[in-house]
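A.B. asks: Read in order, the letters of the sequence shown correspond to residues 18 to 618 in this note's numbering.
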Amino acid sequence: MEPPDAPAQARGAPRLLLLAVMLAAHPDAQAEVRLSVPPLVEVMRGKSVILDCTPTGTHDHYMLEWFLTDRSGARPLLASAEMQGSELQVTMHDTRGRSPPYQLDSQGRLVLAEAQVGDERDYVCVVRAGAAGTAEATARLNVFAKPEATEVSPNKGTLSVMEDSAQEIATCNSRNGNPAPKITWYRNGQRLEVPVEMNSEGYMTSRTVREASGLLSLTSTLYLRLRKDDRDASFHCAAHYSLPEGRHGRLDSPTFHLTLHYPTEHVQFWVGSPSTPAGWDEQEEVLNVNLEGNLTLEGVTRGQSGTYGCRVEDYDAADDVQLSKTLELRVAYLDPLELSEGKVLSLPLNSSAVVNCSVHGLPTPALRWTKDSTPLGNGPMLSLSSITFDSNGTYVCEASLPTVPVLSRTQNFTLLVQGSPELRTAEIEPKADGSWREGDEVTLICSARGHPEPKLSWSQLGGSPAEPIPGRQGWVSSSLTLKVTSALSRDGISCEASNPHGNKRHVFHFGTVSPQTSQAGVAVMAVAVSVGLLLLVVAIFYCMRRKGGPCCRRRREKEAPPPGEPELSHSGSEQPEQTGLLMGGASGGARGGSGGFRDEC
18 MEPPDAPAQA RGAPRLLLLA VMLAAHPDAQ AEVRLSVPPL VEVMRGKSVI
68 LDCTPTGTHD HYMLEWFLTD RSGARPLLAS AEMQGSELQV TMHDTRGRSP
118 PYQLDSQGRL VLAEAQVGDE RDYVCVVRAG AAGTAEATAR LNVFAKPEAT
168 EVSPNKGTLS VMEDSAQEIA TCNSRNGNPA PKITWYRNGQ RLEVPVEMNS
218 EGYMTSRTVR EASGLLSLTS TLYLRLRKDD RDASFHCAAH YSLPEGRHGR
268 LDSPTFHLTL HYPTEHVQFW VGSPSTPAGW DEQEEVLNVN LEGNLTLEGV
318 TRGQSGTYGC RVEDYDAADD VQLSKTLELR VAYLDPLELS EGKVLSLPLN
368 SSAVVNCSVH GLPTPALRWT KDSTPLGNGP MLSLSSITFD SNGTYVCEAS
418 LPTVPVLSRT QNFTLLVQGS PELRTAEIEP KADGSWREGD EVTLICSARG
468 HPEPKLSWSQ LGGSPAEPIP GRQGWVSSSL TLKVTSALSR DGISCEASNP
518 HGNKRHVFHF GTVSPQTSQA GVAVMAVAVS VGLLLLVVAI FYCMRRKGGP
568 CCRRRREKEA PPPGEPELSH SGSEQPEQTG LLMGGASGGA RGGSGGFRDE
618 C
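Given below as structure tokens:
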């Protein structure tokens with residue numbers, strides 16, 4: 018219940034953190050009760066909040082009560098708690114139909130779960146401590162709610178710049194916020210400073226509505242006097258809202274543009290083809306044009322070149338405004354190129370020629386000559402003088418329109434240079450010791466070019482077939498591998514390149530050729546063996562001619578001949594010759610004793 022002498026508390030103003038109330042009836046009291054209550058509590062909608070009320074000092078017995086100050090100023094009792102010893106006995110009285118209901122925790126604090134906008138009130142805590150007196154403090158609860166996304170509804174009609182008063186531009190809505198948001202307007206990102214009082218240049222109106230949930234919605238309508246410059250302007254609005262602890266937020270709407278009506282000031286007429294960049298036609302005017310004023314020419318041909326006119330009918334335009342315009346249209350084209358020579362041009366070696374390239378186009382085409390992507394010069398004429406085999410190749414004439422890059426054409430011809438062969442050889446390098454030796458192996462290479470392609474031949478068999486040389490256009494080569502001999506030193510080896518226009522010949526020389534040392538020794542040994550064998554054959558032949566039998570035989574001296582064989586006697590002149598070549602030893606010579614042997618020839 019409400020104390021009869023409790024004064025009404027001021028609403029919305031900050032309060033002291035500590036409030037002391039002294040009991041007037043007992044001026045000689047030795048103790049007084051004090052309360053610690055936060056004067057302002059802020060919370061976001063849907064969050065839980067706890068209101069604290071803590072008595073200071075030591076009190077064995079006291080009564081704590083929470084009151085709610087409603088809009089009429091009445092203070093209904095929500096809950097109470099009585100301190101008995103060290104425990105609080107909690108009693109809930111009137112929950113005011115809140116869901117979820119108010120609660121009082123074990124410390125006497127008031128708990129509000131899921132804070133709502135309707136909870137924005139003053140909550141009074143009263144503590145009665147008997148002889149220590151009575152103390153009272155008030156806590157203000159503020160509940161914040163972020164509004165929904167900002168919406169804007171622009172005027173969809175056509176607005177005239179001829180109006181001399183402000184016209185409705187758009188309406189901006191910010192719904193379900195707390196406290197009520199503020200709305201501002203912007204043009205091209207710059208804030209519009211428009212008053213709320215009606216005037217001919219511009220103003221805005223606002224209207225705030227409290228929803229059934231207790232949240233607030235704000236509607237703002239912008240009025241402006243429009244100018245022609247506003248046809249490309251971007252407009253939008255923004256809602257500014259508050260948050261706990263003095264913070265703020267902002268929600269911007271989508272941007273929008275207006276459709277304006279204004280009189281014609283001048284006519285713009287231009288060529289919008291993407292194939293023709295500005296500049297090549299001096300009469301071309303590159304201007305912006307309304308999309309509804311386009312003239313489309315499909316499949317344009319050069320016959321459509323000419324003067325085109327455009328006229329605008331606008332009865333609101335000023336008398337001095339020019340409402341018609343003409344334009345000279347030229348259609349760019351490029352005809353195929355023509356060469357003074359055919360696709361193939363054959364010329365003799367060291368001759369000269371001139372080739373012309375002609376083309377028709379608009380604007381005037383630019384011509385240039387290239388060979389193997391290498392620029393040779395600009396203009397229609399290509400001059401070829403003192404041509405060589407290096408002049409062979411493909412020549413290209415290219416025509417282009419510098420101001421119309423998509424138009425270009427090319428034409429080419431191939432140059433063939435006729436002439437007797439040009440011969441190149443890989444010369445023989447001299448040996449380190451100054452001479453070649455018989456049996457050394459060497460590879461000779463001949464290269465040639467000409468037209469028709471030359472044939473390569475060697476003075477000896479074994480040359481490889483002529484093959485093109487990679488990376489050297491028109492060149493062919495052949496190689497010959499052989500062993501060096503004294504005959505080559507004397508005569509050399511020749512390579513010849515020939516075609517119907519002539520031939521070229523080259524002789525490879527080796528200089529001095531020495532015999533190999535190892536081969537000479539083998540020859541001497543072979544000769545010695547041959548002579549020895551010859552002498553042996555002669556000796557055998559000689560011996561057989563003397564005796565008619567084996568060259569030597571061994572017989573026992575003083576031995577009687579076998580039966581039936583007559584004993585021969587020899588005179589001293591017929592005594593057989595004895596040779597030392599076939600002697601058996603010193604004791605077996607002419608002095609042989611009884612029973613001994615000797616060799617005879």
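Beta carbons are placed, not taken as given, at the ideal position from N, Cα and C, and that holds for glycine.
To the nearest angstrom, how far is it from the Cα of L346 to the Cα of E484?
C.D. replies: The residue given as residue 346 occupies position 329 in the sequence shown. The residue given as residue 484 occupies position 467 in the sequence shown. Their backbone Cα atoms lie some 60 Å apart in a straight line.
A.B. asks: Which stretch, first to last residue, makes up the beta strand (DSSP E) that contains L239?
C.D. replies: In the sequence shown, the residue the question calls residue 239 occupies position 222. That run of the beta strand (DSSP E) goes 233-241.
A.B. asks: Could you tell me which whole alpha helix (DSSP H) segments of length 4 or greater appear in the segment 404-455?
C.D. replies: If we require 4 residues or more, the segment 404-455 turns out to have no alpha helix (DSSP H) run fully inside it.
A.B. asks: Between which two residues does the alpha helix (DSSP H) containing R507 stretch?
C.D. replies: Position 490 of the sequence shown, counted from the start, is the residue given in the question as residue 507. Its alpha helix (DSSP H) spans residues 503-508.
A.B. asks: Buried or exposed: E153, going by 16 or more other Cβ atoms within 10 Å of its Cβ?
C.D. replies: Reading the sequence shown from its first residue, position 136 is the one you call residue 153. E153 is buried by the Cβ-count criterion.
A.B. asks: Measuring CB to CB, does K182 end up less than 9 Å from R113?
C.D. replies: On the sequence shown, position 165 is the one that residue 182 refers to. On the sequence shown, position 96 is the one that residue 113 refers to. A small fix is needed here, since residue 182 is Ser in this sequence, not Lys. No, these two residues do not count as a Cβ contact at 9 Å.
A.B. asks: Starting from the N-terminal side, write out each stretch of the beta strand (DSSP E) that is 3 residues or longer and does not extend beyond the segment 163-188.
C.D. replies: With a minimum length of 3 residues, the continuous beta strand (DSSP E) runs that stay inside the segment 163-188 are 168-171, 175-177.
A.B. asks: Since V134 and R224 should fall inside the 8 Å C-beta cutoff, what is the C-beta to C-beta distance between them, to a whole number of angstroms?
C.D. replies: The residue labelled residue 134 in the question sits at position 117 within the sequence shown. The residue labelled residue 224 in the question sits at position 207 within the sequence shown. That belief does not hold up - the Cβ atoms of V134 and R224 are roughly 19 Å apart, past 8 Å.
A.B. asks: Relative to the C-alpha of F84, which candidate in E104, L424, H110 has its C-alpha closest?
C.D. replies: As a first step, residue 84 must be located in the sequence shown, where it is residue number 67. The candidate whose alpha carbon is nearest that of F84 is H110.
A.B. asks: Classify P392: buried if its beta carbon has 16 or more other beta carbons within 10 angstroms, exposed otherwise.
C.D. replies: Locating residue 392 in the sequence shown gives position 375, where the first residue counts as 1. The residue is exposed, with fewer than 16 neighbouring Cβ atoms inside 10 Å.
A.B. asks: Between the Cα of V413 and the Cα atoms of I404, V144, M398, which residue gives the shortest distance?
C.D. replies: For the purposes of this step, residue 413 is taken as residue 396 along the sequence shown, with counting starting at 1. Ranking the options by Cα distance to V413, first place goes to M398.
A.B. asks: Looking at C374: is its Cβ nearer than 9 Å to the Cβ of L384?
C.D. replies: Your numbering for residue 374 matches position 357 in the sequence shown. Your numbering for residue 384 matches position 367 in the sequence shown. A contact, by the Cβ cut-off of 9 Å.
A.B. asks: Beta strand (DSSP E) containing N520: first to last residue?
C.D. replies: The sequence position of residue 520 within the sequence shown is 503, counting from 1. First-last of the beta strand (DSSP E) with N520: 519-525.
A.B. asks: Here's the rule: buried if 16 or more other CB atoms are within 10 angstroms of the residue's CB, otherwise exposed. What is A91?
C.D. replies: In the sequence shown, the residue the question calls residue 91 occupies position 74. The residue is exposed, with fewer than 16 neighbouring Cβ atoms inside 10 Å.
A.B. asks: Which runs of the beta strand (DSSP E), 3 residues or longer, sit entirely within the segment 343-404?
C.D. replies: Taking only runs of at least 3 residues, the beta strand (DSSP E) segments lying wholly in the segment 343-404 are 361-365, 370-375, 383-388, 391-395, 398-401.
A.B. asks: I'd like to know if the segment 263-279 and the segment 212-231 are in contact, where contact means that at least 3 CB-CB pairs between them fall below 8 Å.
C.D. replies: Cβ pair count under 8 Å is below three, so no.
A.B. asks: What separation, rounded to the nearest whole angstrom, lies between the Cα atoms of G320 and Y350?
C.D. replies: The count along the sequence shown starts at 1 and reaches residue 320 at position 303. The count along the sequence shown starts at 1 and reaches residue 350 at position 333. Each residue's alpha carbon lies about 11 Å from the other.
A.B. asks: Using the C-alpha atoms, what's the distance from R441 back to L478?
C.D. replies: Reading the sequence shown from its first residue, position 461 is the one you call residue 478. Reading the sequence shown from its first residue, position 424 is the one you call residue 441. When rounded, the distance between both Cα atoms is 20 Å.
A.B. asks: Would you say K199 and A149 are within 9 Å of each other, going by their C-beta atoms?
C.D. replies: Walking along the sequence shown from the start, residue 199 turns up at place 182. Walking along the sequence shown from the start, residue 149 turns up at place 132. No.
A.B. asks: When you compare the CB of L129 with every CB in chain D, is at least one pair closer than 9 Å?
C.D. replies: Of the chains in the structure shown, none is chain D; there is only one protein chain.
A.B. asks: Compare the Cα-Cα distances from K64 to each of E104, R88, T75, K163 and report the closest residue.
C.D. replies: Counting from one through the sequence shown, the residue named residue 64 turns up at place 47. The option with the nearest alpha carbon to K64 is K163.
A.B. asks: The beta strand (DSSP E) with M100 in it runs from where to where?
C.D. replies: Locating residue 100 in the sequence shown gives position 83, counting from the first residue. Run containing M100: 94-101, per the beta strand (DSSP E) assignment.
A.B. asks: Around the C-beta of E315, are 16 or more other C-beta atoms found within 10 angstroms, so that it is buried, or is it exposed?
C.D. replies: Working through the sequence shown from its first residue, we reach residue 315 at position 298. By the neighbour-count rule (16 or more Cβ atoms within 10 Å), E315 is not buried but exposed.
A.B. asks: Give the secondary structure of S590 by DSSP, where H, G and I count as helix, E and B as strand, and everything else as coil.
C.D. replies: Walking along the sequence shown from the start, residue 590 turns up at place 573. Residue confidence for S590 is low, a pLDDT of 37 falling below 50, so the modelled location carries little weight; the figure read from the coordinates is stated next. Here S590 sits in helix by DSSP.
A.B. asks: Have a look at the DSSP bridge pairing and note the partners of E59.
C.D. replies: On the sequence shown, residue 59 is found 42 positions in, with the first residue counted as 1. Its beta-bridge partners are N159.
A.B. asks: Please list, in chain order, all residues of the same chain as T188 whose beta carbon is under 6 Å from its beta carbon, the five residues on each side excluded.
C.D. replies: Walking along the sequence shown from the start, residue 188 turns up at place 171. Answer for T188: S170, T238, listed in chain order.
A.B. asks: My understanding is that Y240 touches M221, with C-beta atoms under 8 Å, so please give their C-beta distance in whole angstroms.
C.D. replies: As a working mapping, residue 240 is identified with position 223 in the sequence shown. As a working mapping, residue 221 is identified with position 204 in the sequence shown. Sure, about 7 Å apart at Cβ, within 8 Å.
A.B. asks: Taking the C-alpha atoms as reference points, what is the distance between R244 and P261?
C.D. replies: As a position in the sequence shown, residue 244 is number 227, starting the count at 1. As a position in the sequence shown, residue 261 is number 244, starting the count at 1. Rounded to whole angstroms, R244 to P261 spans 42 Å at the Cα level.
A.B. asks: Per the DSSP calculation, I67 is bridged to which residue(s)?
C.D. replies: By 1-based counting over the sequence shown, the position of residue 67 is 50. V128, per the DSSP bridge assignment.
A.B. asks: Bridge partners of K500, per DSSP?
C.D. replies: Here residue 500 refers to the residue found at position 483 of the sequence shown. Bridge partners of K500: E458.
A.B. asks: For my contact list, H80 and S97 are in at a C-beta cut-off of 8 Å; report their separation, rounded to the angstrom.
C.D. replies: Counted from its first residue, the sequence shown places residue 80 at position 63. Counted from its first residue, the sequence shown places residue 97 at position 80. Here residue 80 turns out to be Met, not His, going by the sequence shown. Right, their Cβ atoms sit about 7 Å apart.
A.B. asks: Suppose the cutoff is 7 Å on Cβ atoms and the five residues either side in sequence are ignored; what does the same chain contact list for D247 look like?
C.D. replies: Here residue 247 corresponds to residue number 230 of the sequence shown, with the count starting at 1. Here the set comprises L275, L277.
A.B. asks: Tell me the DSSP secondary structure of I486 in three-state form.
C.D. replies: Residue mapping note: residue 486 aligns to position 469 of the sequence shown, counting from 1. Reduced to three states, the DSSP call for I486 is coil.
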